[in-house]
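Data block below; observations after.
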């Protein structure tokens, strides 16, 4: 699993998750699972962003994530909790159909905002300010 962070306007950090990093275009591609094997890597990045760098507006791009297990769900919710504790917000962007279904079944979608477009996610993060 590769993680790529980039800063958007208004101090919003976008975290992309994928299998392969294209260093030329600075983008990620390839499907990946957010599960027990790699959730620690995700949590570590979120901790650095929130605790060390003071980031409070985070967008997590899930478009390459094809599967999420309970540890991956925990990692997403833990990120949401930590952002909220710092008066911030974590928004999930463009989850795949299967991942969205899991988010809805587990009711995480009732706590963490799910956006279909980057503009929608930015709007929600800016409204939180």
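Numbering (the working numbering), first residue to last: 30 to 158.
Heads up, the beta-carbon is just placed ideally off N, CA and C, and yes, glycines get one too.
The C-beta separation of residue 85 from residue 116 comes to about 6 Å, placing the pair in contact by the 8 Å criterion.
Secondary structure at residue 110: helix, using DSSP grouped into helix, strand and coil.
The shortest CA-to-CA distance from residue 54 to any of 69, 114 and 35 is the one to 35. Its Cα nearest to that of residue 83, the residue 113 stands out among 90, 97, 113 and 60. When C-alpha distances from residue 105 are compared across 120, 147 and 134, the shortest belongs to 120. Rounded to whole angstroms, residue 49 and residue 59 show a C-alpha spacing of 6 Å. If you look at residue 45, you'll find it in the beta strand (DSSP E) that goes 42 to 47.
Looking from the CA of residue 69, the closest CA among 118, 142 and 32 belongs to 32.
In terms of Cα proximity to residue 61, the closest of 72, 89, 95 and 43 is 95. For the pair residue 46 and residue 57, the CB atoms are nearer than the 9 Å cut-off. A distance below 7 Å between beta-carbons, with the five flanking residues on each side excluded, links residue 154 to the following residues of its chain, in chain order: 41, 86, 88, 118 and 120.
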